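Asker:
Residue numbers (our numbering): 338 to 485.
1) How far does the alpha helix (DSSP H) with residue 362 in it extend, from its first residue to its last?
2) Can you have a look at residue 362 and say buried or exposed, based on whether 16 or more other CB atoms are within 10 angstroms of its CB?
3) Measure the Cβ-Cβ separation of residue 384 and residue 359 and say whether it is below 9 Å.
4) Of the choices 354, 416, 411, whose alpha-carbon is the least far from that of residue 441?
5) Kindly indicate which three-state DSSP category residue 434 falls into: helix, strand or coil?
6) What residue range does the alpha helix (DSSP H) around residue 477 cover?
7) By the DSSP assignment, the alpha helix (DSSP H) with residue 354 in it spans what residues?
8) Of the residues 355, 418, 400, which one's Cα is nearest the Cα of residue 387?
9) Using DSSP with H/G/I as helix, E/B as strand and the rest coil, what is residue 442?
10) By alpha-carbon positions, which one of 392, 375, 424, 433 ends up nearest to residue 412?
11) Answer with buried or exposed for residue 431, where buried requires no fewer than 16 other C-beta atoms within 10 angstroms of its C-beta.
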């Protein structure tokens with residue numbers, strides 16, 4: 338009987354694994370096809386778009402999940418990274434990201450006066466801060482050996 342036997346089949350490898358990417362190439366392709374952006378979409382375009390999106394996500398919000406003790410990049414991490422970066426902020430100034438939220442900002446008029454005075458006096462230190470606990474006394478250096 339012609340055909341393959343059950344045990345000869347190779348394990349399927351996804352396009353993302355072949356391209357060495359984390360972003361799902363097939364899912365991006367289905368979004369492009371559903372959106373009717375073009376009649377036909379090439380497979381190379383999907384890989385390229387997935388690579389660009391992955392680069393932007395890692396470049397923008399690479400450390401944001403670690404700072405917020407999260408394991409995934411969510412839209413608010415992207416918004417924080419975009420608005421804090423000058424170049425991306427100019428590029429994406431008119432873009433609204435769904436579920437992104439806004440930058441945390443409190444107008445100075447709304448702050449209590451005690452806190453406002455403290456913020457005015459605050460200046461960054463030019464040198465590292467001293468330790469509050471006393472250090473252990475230093476040992477003198479060993480005597481230099483004299484050769485006659």
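Positions of the beta carbon are idealized from the N, C-alpha and C atoms, including for glycine.
Source: prediction; values computed, not measured.
Answerer: Short version:
1) As a working mapping, residue 362 is identified with position 25 in the chain shown. That run of the alpha helix (DSSP H) goes 362-372.
2) Taking the first residue of the chain shown as position 1, residue 362 is located at position 25. By the 10 Å Cβ count, residue 362 comes out buried.
3) Taking the chain shown and counting its residues from 1, the one referred to as residue 384 is at position 47. Taking the chain shown and counting its residues from 1, the one referred to as residue 359 is at position 22. In this structure, residue 384 keeps its C-beta atom at 9 Å or more from the C-beta atom of residue 359.
4) Counted from its first residue, the chain shown places residue 441 at position 104. Looking at 354, 416, 411, the one whose alpha-carbon comes closest to that of residue 441 is 416.
5) Along the chain shown, one-based indexing puts residue 434 at 97. Note: residue 434 maps to coil in three-state DSSP.
6) Taking the chain shown and counting its residues from 1, the one referred to as residue 477 is at position 140. Looking at the DSSP string, residue 477 is not in any alpha helix (DSSP H), and its letter there is neither H nor E.
7) Indexing the chain shown from 1 puts residue 354 at position 17. Per DSSP, residue 354 belongs to the alpha helix (DSSP H) from 352-356.
8) By one-based count along the chain shown, residue 387 stands at place 50. Comparing C-alpha distances from residue 387 to each of 355, 418, 400 shows the shortest one belongs to 355.
9) Along the chain shown, read from residue 1 onward, the residue named residue 442 stands at position 105. It is coil, neither helix nor strand.
10) The residue you call residue 412 lines up with position 75 of the chain shown. In terms of CA proximity to residue 412, 433 leads the group 392, 375, 424, 433.
11) Translated into positions along the chain shown, residue 431 becomes position 94. Residue 431 should be labelled exposed.
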